[in-house]
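Undergrad: Residue numbers for the sequence shown follow my numbering, beginning at 627 and rising by one.
Using N, Cα and C, we set each Cβ at its ideal position, and we do this for glycine too.
All of these numbers come straight from a predicted model, not from anything done at the bench.
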Amino acid sequence: MAFCRVGSGVLNVGSGVSGIYNTSVLPLGTPAVLSGLGNVGHQLSGVSAAGTALNQILILNIGLADVGNFNVGFGNVGDVNLGAANLGAQNLGLGNVDTGNLGFANVGHGNIGFGNSGLTAGAAGLG
């Protein structure tokens with residue numbers, strides 16, 4: 627069990643902690659950066675991250691380091707992403723940025739394949 631500002635391990639209490647069952651003891655409104663499993667506090671990532679006491683959110687992510695809701699995989703930021711390292715919403719694959727991409731390394735909206743930009747208005751990329 628660690629009581630510290632920056633720490634790692636199990637049953638951590640403090641700010642900037644990483645590990646399992648982390649809790650921030652900082653006053654309301656003071657940022658605490660937590661990562662791992664079973665986090666309670668502010669600016670959270672990991673499994674079972676519940677937000678602050680005044681801003682409880684429903685947690686429906688499967689994987690690690692997902693931020694958002696209804697994500698399956700690892701390191702997704704946004705909602706309804708399946709895969710890893712997607713940024714945005716409704717992406718399926720790896721490393722997609724924006725919305726509605728299928729594949730990997732797509733940037734923009736509605737791309738299918740890999741490495742598409744899809745940034746032209748009304749034109750989705752294929753390939």
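For glycine 741, count the other beta carbons within 10 Å of its own beta carbon; 16 or more makes it buried, fewer makes it exposed. Which is it?
TA: Taking the first residue of the sequence shown as 1, we reach residue 741 at position 115. Glycine 741 comes out exposed.
Undergrad: Per DSSP, valine 703 is paired with what?
TA: Within the sequence shown, the letter at position 77 stands for residue 703. According to DSSP, which records beta bridges pairwise, valine 703 is partnered with Val693, Leu713.
Undergrad: Which two residues bound the contiguous beta strand (DSSP E) that contains leucine 686?
TA: Counted from its first residue, the sequence shown places residue 686 at position 60. Counting along the chain, leucine 686 falls outside any beta strand (DSSP E), and DSSP gives it neither H nor E.
Undergrad: Which one of Ser743, Gly736, Thr725 has the shortest CA to CA distance from aspartate 705?
TA: As a working mapping, residue 705 is identified with position 79 in the sequence shown. Ranking the options by Cα distance to aspartate 705, first place goes to Thr725.
Undergrad: Does the beta-carbon distance from asparagine 695 to leucine 708 come in below 9 Å?
TA: Locating residue 695 in the sequence shown gives position 69, counting from the first residue. Locating residue 708 in the sequence shown gives position 82, counting from the first residue. Cβ distance not < 9 Å, so asparagine 695 and leucine 708 don't count as in contact.
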